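Asker: Every letter in the sequence shown is one number past the one before it in our numbering, and letter 326, counting from 1, is 366. Before we start, here is the structure in question, set down as structure tokens.
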Amino acid sequence: MSEVSVLRLLLSSGPRFARDAVGPVLVFYVGWKLVGLTTAVLGATTFALATFVWERRHARAGLGAALGLTIALTQAAAGLATGSPIAYFVPGIVANSVYGVAFIVSVALGRPLAGIFAQDTYAFPPAMRASATFRRVFSRVSLAWGTYLLLRSAVRLLTLSWRDVDVIVAVNILTGVPFTAALTTWSIWYGVRGFRRSDEWRAALGVALIAMLVLGAVAPARADQAADIVADADRYRRPADSFVWKITITSQEAKKAPSVDGFEVFAKTGGRVFVKFVAPPRSVGRSLLALGRDLWIYLPDAGKPVRIPLSQRLVGQVANGDIARADYAGDYDATLRGEEAIEGVPCHVLDLNAKTKDVTYAVIKYWVASDGRRPVKAEFYAGTGTLLKTGAFENFRDVAGHTLATRLTLTDAIRKDRRSVLDYGEVVIRNLPDKYFDKNYMKTLD
């Protein structure tokens, strides 16, 4: 990448870092000077909370804002409990020390923390996140940030002995904004430089830079196109607004007999899905209920619904969300990455990044046929960038007047002998009563 790319990344992230670093401190200081401690604490806490909400509403992880909110809440507790403006600053110093140690320890664990923060600024593709270059570059960045945070904590701790709020605030700002800005600039520059110099990613980043410079003006249009492609592909996985669909899942593994599980899926608009277990006999009586991204399981022995995640394994290679939720367009932000042929079929290649953490997969790489926009293939990734499994959409046929993918084959990314085949059988299009989608009816649905 060029300096233009570095500048763009810096302009998108720099102001947010500065806001998170000194915003609550400045609000506290002004409130303390003008009114008093309680107003200062409430003002700083409200600022941190508003910042966090803003980040989440703009579909960002908001890690800096989340950390700022955590510190603000602990500072508020300390300040109000002691009635001392000096004590208000102690939790922040402790937290900075902990974060400094965490950055350094993350390098020793091979999971550099700086890489996680970097993903809040730039959507790294899964393959890049899993690369040796990513770990090497962000390990060094993590060490730099860890050292800075520990030194900053030591200076601020020493300043507390002066017991002068004016001095404490001044030192907080002087050890915050200038150094944070400089280290952020260096981190972005070093990260871009590290990827550009690596044999692993040099060519790919050259193409990416050209795309940024040449296609930057049409990025919003491409985003809309990507969203439309995903929405069209979803229609091949959902026959109607209200329906009942029988699904058989056959799970296979080397040296083991196949297992067969049967389900009856009741679905209605609004993300409402009821899943009844119908086979094998030992599973009969169990059920799932999805209301949007909220999911419950009913087990006869438990006697009441229990909340579970969509990402939890159901059977074989199948997660709960694979049958209880089929709304890629609603759950993911799509980016069109290019074109590629899969077994001779020209396809759009898209990266789908989860809008929230409560969906089935963090990232999906998705191949959708250019002609007709039917789903062809998918790779499903964890938030760490680890490839979990691959999916192949097959057996397209007319069902109740709709062309649908009636088979999905999920294969483990490491053990290729482990796979689950979802066969979508009989479909009944009918208007389902709302009572089916109430937790109180989970054990009585017929």
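Glycine included, C-beta positions come from ideal geometry on N, C-alpha and C. Values in this document were obtained by computation on a predicted structure and should not be read as measured data.
(1) For Ala409 and Phe317, what's the separation of their Cα atoms in angstroms?
(2) Note down, one range per segment and in chain order, each beta strand (DSSP E) of at least 3 residues found wholly within the stretch 361 to 402.
(3) Could you give the uninterrupted runs of the alpha helix (DSSP H) lying entirely in the stretch 122 to 148, keeping only those of 4 residues or more?
(4) For Leu197, which residues from the same chain have a beta carbon less than 7 angstroms from its beta carbon, with the 5 sequence-adjacent residues on both sides left out?
(5) With DSSP as the reference, please indicate the residues paired to Pro152 in a beta bridge.
(6) Which residues does DSSP pair with Thr288 in a beta bridge?
(7) Determine the contact status of Ala381 and Ala394, defining contact as a CB-CB distance below 7 angstroms.
(8) Out of Phe174, Ala117, Asp281, point me to the one whose CA is closest to Ser227's CA.
(9) Give the secondary structure of Asp452 by DSSP, where H, G and I count as helix, E and B as strand, and everything else as coil.
(10) What did DSSP end up calling Gly76 once you bin it into helix, strand or coil?
(11) Quick one: is Ala273 buried, meaning 16 or more other Cβ sit within 10 Å of its Cβ, or exposed?
(12) In terms of alpha-carbon separation, which member of Phe303, Leu109, Lys344 lies closest to Val324?
(13) Report buried or exposed for Ile289, applying the criterion of at least 16 other Cβ atoms within 10 angstroms of its Cβ.
(14) Note the first and the last residue of the continuous alpha helix (DSSP H) segment covering Tyr230.
(15) With Arg353 as the anchor, note down where its beta strand (DSSP E) starts and where it stops.
(16) Applying the criterion that 16 or more other CB atoms from any shown protein chain within 10 Å of the CB defines a buried residue, is Lys344 buried or exposed?
(17) Take Ile404 and list the residues in its own chain whose beta-carbon comes closer than 6 angstroms to its own, dropping the five residues that flank it on each side.
(18) Figure out for me which residue from Trp407, Gly384, Gly423 has the closest Cα to the Cα of Thr400.
(19) Determine the contact status of Ala170 and Gly425, defining contact as a CB-CB distance below 7 angstroms.
(20) Work out the CA separation of Lys456 and Gln357 for me, nearest whole Å.
(21) Along the beta strand (DSSP E) that carries Arg176, what are the first and last residues, could you check?
(22) Quick one: give me the first and last residue of the alpha helix (DSSP H) that Asn212 is part of.
(23) Once DSSP output is grouped into helix, strand and coil, what is the label at Leu329?
(24) Quick check: the stretch 72 to 89 against the stretch 125 to 141, are there 3 or more CB pairs under 8 angstroms?
Answerer: Per the coordinate set shown:
(1) 33 angstroms
(2) Within the stretch 361 to 402, the complete beta strand (DSSP E) runs of at least 3 residues are 372 to 382, 385 to 394.
(3) 125 to 128, 130 to 148
(4) Ile133
(5) BP columns for Pro152 are empty, so no partner.
(6) Gly302, Asp463
(7) no
(8) Phe174
(9) strand
(10) coil
(11) buried
(12) Phe303
(13) Counting of Cβ neighbours within 10 angstroms places Ile289 among the buried residues, the total reaching 16 or more.
(14) 217 to 237
(15) 353 to 355
(16) With fewer than 16 Cβ atoms within 10 Å of its Cβ, Lys344 is classed as exposed.
(17) Leu392, Ala418, Phe420
(18) Selected option, being the one with the closest Cα: Gly423.
(19) In this structure, Gly425 lies closer than 7 angstroms to Ala170 by Cβ.
(20) 11 angstroms
(21) It is not in any beta strand (DSSP E) - Arg176 instead sits in the alpha helix (DSSP H) that spans 172 to 200.
(22) For Asn212, the uninterrupted alpha helix (DSSP H) run begins and ends at 205 to 214, by DSSP.
(23) Looking at Leu329 - three-state DSSP - the assignment turns out to be strand.
(24) yes
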